[in-house]
Each structure stands twice: as structure tokens, then as C-alpha cells.
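Chemist: Let me begin by handing over the structure; questions about it come next.
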Amino acid sequence: MHRAKEFITKGLEAGALQPVVSKTFPFSEMVEAHEYMESNAQIGKIVIEM
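So for the sequence shown, this note's numbering puts the first residue at 115; every next one is plus one.
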């Protein structure tokens, strides 16, 4: 697990890993975010703002 964390951290810092964000939801729209995830309409990550 430590090696995986180190690999991801180094990749992000170097710019080699660039996560794709599909959509961002405010915390108040958690239900909508979950429905969006279940719809499989996204390509990339779904972000919930705290």
C-alpha cells in the first residue's frame, strides 16, 4: 500500500498522472451526485465539494 501511495503521489507531482473530473457537485447535492454516478453517464471522477 505504501508503494502505491508513493507511486501516485510522485505521478501527480510530476504531472504524469492527471485525473479527469467529469462533474463537481456541492455537498448539498450529494443525492444528485450519487444518481449521476449510478447513471454511468460520467467519464472521469465525480467530485463532492465540502
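For glycine and all other residues, C-beta sits at the position ideal for the given N, C-alpha and C.
Return helix, strand or coil for residue 134, following the three-state DSSP convention.
Modeler: coil
Chemist: Per DSSP, what are the beta-bridge partners of residue 160 in this structure?
Modeler: Paired residues: 137.
Chemist: Assign residue 129 to one of three DSSP states: helix, strand, or coil.
Modeler: If DSSP states are grouped into helix, strand and coil, residue 129 belongs with coil.
Chemist: Which residues in the same chain have their Cβ closer than 6 Å to the Cβ of residue 133, if we skip the five residues on either side of it in sequence?
Modeler: 159
Chemist: Using beta-carbon positions only, say whether residue 157 and residue 136 come within less than 9 Å of one another.
Modeler: yes
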